[in-house]
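In short: position in the sequence shown from 1, add 62, done, that's this note's numbering.
No residue lacks a Cβ here, since even glycine has one placed at the ideal position from N, Cα and C.
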Amino acid sequence: MHEQKEESNGVSTPNFESIYHGEAPWDIGHPQKEYIQLEQAGEIVGSVLDVGCGTGDNALYLAEQGHDVWGIDFAPAAIQKAQESAAQRHLPVTFRVLNVLELRTLGRKFDTVIDSGLFHWLNIEERSLFIDNLAAVIRPRGTYFMLCCSELTRNPDISKVKDFLPDFDKLTEGLPEFKDGAYHVTQAQIKELFQDGWHINYIRQATLEARLELGEFHGWLSSISKE
Ligand code: SAH
């Protein structure tokens, strides 16, 4: 049940588990600056669920700031690293291996859900299923923060991305929005997907930090509350 899918709509998704046995391009070893700023601005409230938490830098940072935090990811290698970091830093974060399309099985609700670079890996069909599951784990008026790559992304050097993701060509085949090294999530897509049962507080231009050699990616930071 926790296995990563190999094929969806004829398109292969990257094998995240194997990426975590090497160096993941997004695994920067510290929290994303957009999430530090949100926390400092007081926008992150109460209990937090980090969806697609990877090795847990954002989750651990928010736990350090006093939040009750859970993190889930379907890559066991990422969750293992996250659990090791939590133990080393004596932070009581609950990390679990779980597919975000099965979030509702968590059986609890959070005040805030954060997403740093997860949503742009979901295809159109999965996005709706994910949002249904999201609604099940977020309390009314709770907020989902999404940091995703935008259509403005033009990666300066695709060959470097390919070095990190050897199956790049295969995984981007047939995905119209996957161009120039990143999924292109548009503001219009976000607005359409969250039109029923949600309130979009803002969609701001933002940057996603990556490993130094890759630089930064243009993104959207969205704040979306459940009605
Ligand atoms: N949030 C982390 C990782 C971002 S990379 C960070 O900011 O560093 C995207 C993450 O989403 C990867 O760890 C990948 O394993 C995870 N992921 C992708 N699809 C998923 C799914 N369907 N269910 C759970 N995790 C998923």
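Any non-hydrogen atom of the ligand MN within 6 Å of residue i CB
{"i": "residue 132", "result": "This structure simply doesn't include the ligand MN; it includes the ligand SAH instead."}
Residue i versus residue j - alpha carbon distance
{"i": "residue 183", "j": "residue 155", "result": "24 Å"}
{"i": "residue 248", "j": "residue 206", "result": "17 Å"}
{"i": "residue 142", "j": "residue 261", "result": "35 Å"}
{"i": "residue 112", "j": "residue 268", "result": "18 Å"}
{"i": "residue 283", "j": "residue 266", "result": "5 Å"}
{"i": "residue 214", "j": "residue 187", "result": "23 Å"}
{"i": "residue 276", "j": "residue 92", "result": "16 Å"}
{"i": "residue 199", "j": "residue 264", "result": "21 Å"}
{"i": "residue 147", "j": "residue 201", "result": "28 Å"}
{"i": "residue 177", "j": "residue 272", "result": "15 Å"}
{"i": "residue 125", "j": "residue 270", "result": "21 Å"}
{"i": "residue 127", "j": "residue 161", "result": "26 Å"}
Beta bridge counterpart(s) of residue i as assigned by DSSP
{"i": "residue 81", "result": "In DSSP, residue 81 forms no bridge with anything."}
{"i": "residue 267", "result": "282"}
{"i": "residue 287", "result": "205 and 261"}
{"i": "residue 90", "result": "Partner(s): none; residue 90 has no beta bridge."}
{"i": "residue 252", "result": "BP columns for residue 252 are empty, so no partner."}
{"i": "residue 98", "result": "Paired residues: none, contrary to the question."}
Contact with chain D by residue i, beta-carbon distance below 7 Å
{"i": "residue 81", "result": "As a matter of chain content, chain D is missing from the structure shown, which is built from one protein chain."}
Any chance the segment 114 to 121 sits against the segment 130 to 139, with 3 or more Cβ pairs inside 8 Å?
yes
Evaluate contact between the segment 197 to 211 and the segment 87 to 100, counting only Cβ atoms and requiring at least three cross-stretch pairs below 8 Å.
yes
List in chain order: all unbroken beta strand (DSSP E) runs of 3+ residues lying wholly within the segment 100 to 172.
110 to 113, 131 to 135 and 156 to 159
Those runs of the beta strand (DSSP E) which lie wholly inside the segment 178 to 205 and span at least 3 residues
none
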